[in-house]
Amino acid sequence: MTNQTRETTVDQAIKTGIKNVVLVHGTWADGSSWGKVIPLLEAKGLHVRAVQNPLTSLGDDVAATKRAIELQDGPVLLVGHSWGGVVITEAGNHDQVAGLVYVAAVAPEEGQSFLDTVQTAPATPGNDQIRPDAYGFVSMSPTGIFEDFAQDLPEAEQKLILATQGPQAFTALTEKITKAAWKQKPSWFIVAANDRMINPDLERTLAQKLNAKTLEIPTSHVAMLADPEAVASVILEAAGTL
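Numbering (my numbering), first residue to last: 41 to 282.
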């Protein structure tokens, strides 16, 4: 299928598919991490809302996501990056959510936490660059941002990520999912093949477990910044399918 044919097919599907997309960012980020994807989705007529997670607990992030869901007029496609995959796994049980898209993300089983899930695979290089502070939050070192988190972005973008990163409460990473939405709702998964934060083999395993329609792209952990067109294409396809 050519790019032009693919775009035409997606455009036709969007006319009858989901109109609302809620984007959930991950650790060491905020809603602006979706800044390259949002205009691509809006150009196709979708209504997009990016959640601003407090990153203080799973419960707080789920609550913030549910508020964003309930602001939408109609069904929602819920998209999560990295830690955001944990959030959408829980928040995705909301009645308005029609489907889930995981972007280089973690999708725990019921009774599992983020850490429980990632520890089922070998550790990645970025794990060594996580720095705790005196308040129970963790951040990424400059080396981690430049070499492991966003190694394929221009230096100016890397510096922006470093300056704006949102520290995460470490305890949030140990909080367990109570009900996994992916068991009841259709899922899509983008595997970041050059991910140095979440093991790409774990992403592949999770995608298979979810029976998700999967696209693998050769990017760093921040796939939505490294290849926004590919990420947007999956979201558009999912929205048009539901």
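Ideal Cβ positions, reconstructed from N, Cα and C, are used throughout, including at glycine.
Rounded distance between the beta-carbons of residue j and residue i, thought under 8 Å
{"i": "I78", "j": "E150", "result": "With 8 Å as the limit, I78 and E150 do not qualify as a contact, their Cβ atoms being about 31 Å apart."}
{"i": "L276", "j": "K84", "result": "6 Å"}
{"i": "G66", "j": "G124", "result": "5 Å"}
{"i": "A247", "j": "P240", "result": "So it is not a contact: roughly 10 Å between Cβ atoms."}
{"i": "I58", "j": "A279", "result": "4 Å"}
{"i": "T160", "j": "L213", "result": "That pair is no contact at about 14 Å."}
{"i": "L255", "j": "I230", "result": "5 Å"}
Host beta strand (DSSP E) of residue i (start-end)
{"i": "I170", "result": "170-172"}
{"i": "T254", "result": "253-257"}
{"i": "V64", "result": "60-64"}
Residue range of the alpha helix (DSSP H) that includes residue i
{"i": "L246", "result": "240-249"}
{"i": "E277", "result": "268-281"}
{"i": "D156", "result": "154-158"}
Opposing strand residues paired with residue i [DSSP bridges]
{"i": "V231", "result": "E256"}
{"i": "V262", "result": "Paired residue(s): none; V262 is not in a bridge."}
{"i": "V178", "result": "P172, Q208"}
C-beta atoms of residue i and residue j nearer than 9 Å
{"i": "R244", "j": "S260", "result": "no"}
{"i": "V64", "j": "T105", "result": "yes"}
{"i": "V146", "j": "V158", "result": "yes"}
{"i": "F210", "j": "F177", "result": "yes"}
{"i": "E269", "j": "L80", "result": "yes"}
{"i": "F186", "j": "Q205", "result": "no"}
{"i": "A203", "j": "S227", "result": "no"}
{"i": "V137", "j": "V116", "result": "yes"}
{"i": "V102", "j": "V61", "result": "no"}
{"i": "S73", "j": "L265", "result": "yes"}
{"i": "L200", "j": "W222", "result": "no"}
{"i": "D156", "j": "P162", "result": "no"}
{"i": "N133", "j": "Q224", "result": "yes"}
{"i": "W181", "j": "P207", "result": "Reading off the sequence shown, one finds Ser at residue 181, where the question assumed Trp. No, these two residues do not count as a Cβ contact at 9 Å."}
{"i": "V126", "j": "L86", "result": "no"}
{"i": "A69", "j": "V262", "result": "yes"}
{"i": "S153", "j": "E82", "result": "no"}
{"i": "I292", "j": "T164", "result": "Lying before the first or after the last residue shown, residue 292 is absent from the chain, which here runs from 41 to 282."}
Quiz item: At which residue ranges does the segment 77-144 contain complete alpha helix (DSSP H) runs of 4 or more residues, listed in the order of the chain?
Solution: 78-82, 98-110, 124-131
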